[in-house]
Each structure stands twice: as structure tokens, then as C-alpha cells.
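Read the sequence shown against the UniProt record's numbering and you will find it ends at 287, with the numbers running on by one and no gaps.
Beta carbons are placed, not taken as given, at the ideal position from N, Cα and C, and that holds for glycine.
Note that the structure is a prediction, hence the values are computed from the model and not measured.
So the structure is just underneath, and the comments pick up after that.
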Amino acid sequence: MDHQNLIAIDIHTHAEVSCWNPFDNYGEEYDRAADKYFGSNRRPTIAETIAYYRERKIGLVMFTVDSESKLGRRRIPNEEIAQAARENSDMMMAFASIDPHKGKMGAREAERLIKEEGVKGFKFHPTVQGYHPYDKMAWPIYEVINEHKMPAIFHTGHSGIGSGMRCGGGLRLEYSNPMHLDDVAIDWPDMQIVMAHPSFPWQDEALSVATHKPNVWIDLSGWSPKYFPKQLVQYANTLLKDRILFGSDYPLITPERWMKDFEVAGFKPEVMPGILKGNAVRLLGLA
């Protein structure tokens, strides 16, 4: 990634539409509920997202969420995202997502994706994937990530997926309590753990874990900065200023809206460049 020619790096963007696989409408009710919750129904292709970010000179990390075991939905191929990243390596990186229920087979896939496809990190969503992050079922995949000293993004806090559905779509919010990542940070010290989103209703837990464990970071995706809890802004300005990352959650939130609100959300001018780009440069090994 040619970060010197980028104004920012968005660490958290989603692949929404596969151009390799036929459309899978199984479980589409989750999409409709999410559209209502987020007030957005944007479903760009991978190529459309890349063009959008290139026009704005913003780098991006893109991934899907493999929830095949819990939701029964076919994932977007990790290889499709990885190919797009190779073709746009000046401004894009691919993270892979592997359902932790795949165990050792998932670990084999992780190794292959790193060595053959060039993925640079991984994404987990405990609520949607239906597991506690400290469950040793996931250990084989974590072992690969740790060995390669790669970052892994974990969804934390409330989930817009399932919100408003009968029984919340059967998805358990408790899986995404950031305190569950404390064990992961201890057992896998060479895996850089990124806690995604302001972790409502467990913001203080997230700040505690990140302050205590130096291999834990926080990305600010999924919310407009004007709604951030005051303690999150306080820690971003002080103790955690070197481990706070810009993320939008695109296409649910656009980087323009996020960055506009970021300017007036109480962040100190001296920490803003690090949040927008500098911290991601270090996390991703670009410098």
C-alpha cells in the first residue's frame, strides 16, 4: 500500500456482493433488518467500493464475514477479495474471514490464504459466527495468525445484524463482550487484536483490555464519531492514542460522513493524523 499518497486508511470495510458466486438469498431477512437498523441499503460490488475509495485517495482493508455454520449463508470468497487487493495493491489490503467452527480445516485455509493469496489479516464476528472468542475451537486458526504475527479484527459490542428480528435472529450479543478477548490476548501475544467499534454496552471493558494488553487495538467503525462515548474519546486522546484506528464500516457508514464528524468530536489535533492513518501504517507493517 502506497500510504504516503493516501489521506487516510479505512481499516474496516465490507465486501457486500460477490461477482464470482451466484446470488444467495438464503437468510436475506438479516439484510432487510440491517437495512432498517442502519438506515442504508447500499450493496456495492467489490469493484465499485474500490473505485469509490480510489477517487477519494483513501486506502482500505476489506473483508467478508464467514458465518456459514451459524447462518447457513454462503460466504463471499476470500480469494475474490484477495485478487482485488492484488490488483489494487497501491491502496487496498485483503483480510480473510474463516468460520471458527471449521477448526483445523480452517487453519489449513488460513495458511493457504496467507501464502498463496497474500491476505494480510483476519476478521471474526463472534455474535454472527456463534462462538466465544476464547473458545479453544478457534485455537487452530489463531495459531496460524499468531505464527505469522498478523492482525485480527473482532467485532465487539452490540450487533446491528439481527437487531429488531424475532429473538434477534437467534444471535447472542454476549459473545461480543470485549472482555472475552482478554484470554485471547494472553494466549496469542503475537496476534494483534483489533476490537471493532465503540463496544456498547461494554465500552469500559474494551478500554480496560486495550490499556492492559499492548497487542490490543480499537477501531472506531460503525458509529458516527459524534455519538462516541466520552471516555472513548478521552482514551483516544491520551493512553491509547497510538492504538486507535479509523474505520467506517462501509457501506453502512461512508468515510465522508465519518471524517466530517470526526473533525468536531473532541479529538486533539495532534492525535488525529495517527488515528486516520499513522497507527494503521504501523499495524499493517507498512513502515
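Quiz item: Is the CB-CB distance between LEU283 and PRO151 below 8 Å?
Solution: yes
Quiz item: What alpha helix (DSSP H) runs, 4 residues minimum, are completely inside the region 119-204?
Solution: For the region 119-204, whole alpha helix (DSSP H) runs of length 4 or above, ordered along the chain, are 126-129, 139-147 and 181-187.
Quiz item: Are there three or more Cβ pairs, one per stretch, closer than 8 Å when the region 137-155 is compared with the region 107-126?
Solution: yes
Quiz item: Quick one: what does DSSP say MET62 is sitting in, helix, strand or coil?
Solution: The answer is strand: DSSP assigns MET62 an E or B state.
Exercise. Please state whether DSSP places TRP20 in a helix, a strand or coil.
Key: coil
Quiz prompt | Every unbroken alpha helix (DSSP H) within the region 77-122, with a cutoff of 4 residues, ordered by chain | solution = 78-87 and 103-112
Quiz item: Distance, Cα to Cα, ASN5 vs GLY160?
Solution: Their Cα atoms are separated by approximately 34 Å.
Quiz item: Helix, strand or coil for THR45 per DSSP?
Solution: strand
Quiz item: According to DSSP, what are the bridge partners of ASP10?
Solution: LEU60
Quiz item: Considering TRP258, what are the terminal residues of the alpha helix (DSSP H) in which it resides?
Solution: 255-262
Quiz item: For TRP217, which residues does DSSP report across the bridge?
Solution: VAL194
Quiz item: With C-beta atoms as the reference, is VAL194 less than 8 Å away from ILE11?
Solution: yes
Quiz prompt | Identified DSSP bridge partners for TYR250 | solution = THR13
Exercise. Look at the alpha carbon of LYS57 and the alpha carbon of ALA85, and state the distance between them as a whole number of angstroms.
Key: 15 Å
Quiz item: Are at least three pairs of beta-carbons, each pair with one atom in the region 165-172 and one in the region 15-33, less than 8 Å apart?
Solution: yes
Quiz prompt | Three-state class that DSSP yields for LEU245 in the structure shown | solution = strand
Self-check item: Alpha-carbon spacing of LEU220 relative to PRO44, whole angstroms
Solution: 22 Å
Quiz item: Between the region 80-96 and the region 237-257, do three or more beta carbon pairs fall short of 8 Å?
Solution: no
Practice problem: Could you tell me the boundaries of the alpha helix (DSSP H) in which LYS230 lies? | Solution: 230-237
Quiz item: DSSP on MET272, reduced to helix/strand/coil?
Solution: helix
Quiz prompt | GLN231 classed as buried or exposed, judged by whether at least 16 other C-beta atoms fall within 10 angstroms | solution = exposed
Quiz item: Does the count of Cβ pairs from the region 231-244 and the region 264-281 closer than 8 Å reach three?
Solution: yes
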